[in-house]
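> Sharing a structure with you now.
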Amino acid sequence: MCGNTSNFVRNDYLSLDMPLDTDVFRVPPGYNAPQQVHITQGDHEGKCVIISWITPDEAGSSTVIYWAEGTQFKLQAHGFFL
1258 MCGNTSNFVR NDYLSLDMPL DTDVFRVPPG YNAPQQVHIT QGDHEGKCVI ISWITPDEAG
1318 SSTVIYWAEG TQFKLQAHGF FL
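This is the structure:
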């Protein structure tokens, strides 16, 4: 059994804080713009990340451009489709 990390317990009832017609659920502007972007720690040492996203119409680009904060030097990583 997993240990507890906080005393928060999710309510069994639907939340009224964010109605389904709120703007955060709208598809972003632009053709096939990515939505539902997830960034997850990819290892136990914090040396890599897993980035995944959903596109609404068709498979999008598998290229991620990233850089360190405050720098101009940009890197690219090319992903694959699951």
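Here our numbering is used: the first residue of the sequence shown is 1258, the next is one more, and so on. For glycine and all other residues, C-beta sits at the position ideal for the given N, C-alpha and C.
#1: Which full runs of the beta strand (DSSP E) of 3+ residues lie inside the segment 1268-1324, going along the chain?
#2: What first and last residue would you give for the beta strand (DSSP E) that runs through Gln1333?
#3: Which residue's Cα is closest to the Cα of Gly1336: Phe1330, Gly1327, Glu1326, Ala1316?
#4: Taking the alpha-carbon positions, what's the Lys1304 to Leu1332 distance?
#5: One question on the structure: do Trp1310 and Pro1286 come within less than 8 Å of each other, judged by their Cβ atoms?
#6: Within its chain, find whatever has a CB closer than 8 Å to the CB of Asn1289; leave out the 5 residues flanking it on each side and keep chain order.
With the structure as the only source:
#1: The qualifying runs are 1292-1298, 1306-1311, 1320-1323.
#2: Here residue 1333 refers to the residue found at position 76 when the sequence shown is read from its first residue. Residue range 1332-1335 is occupied by the beta strand (DSSP E) that includes Gln1333.
#3: Within the sequence shown, numbered from 1, the residue matching residue 1336 stands at position 79. The candidate whose alpha carbon is nearest that of Gly1336 is Ala1316.
#4: As a first step, residue 1304 must be located in the sequence shown, where it is residue number 47. As a first step, residue 1332 must be located in the sequence shown, where it is residue number 75. Taking the straight line joining both Cα atoms gives about 16 Å.
#5: Looking up residue 1310 in the sequence shown gives position 53. Looking up residue 1286 in the sequence shown gives position 29. The criterion of a C-beta distance shorter than 8 Å is not satisfied by Trp1310 and Pro1286.
#6: As a position in the sequence shown, residue 1289 is number 32, starting the count at 1. Excluding residues within five positions, the ones whose Cβ falls inside 8 Å are Thr1312, Pro1313, Asp1314, Glu1315, Gly1317.
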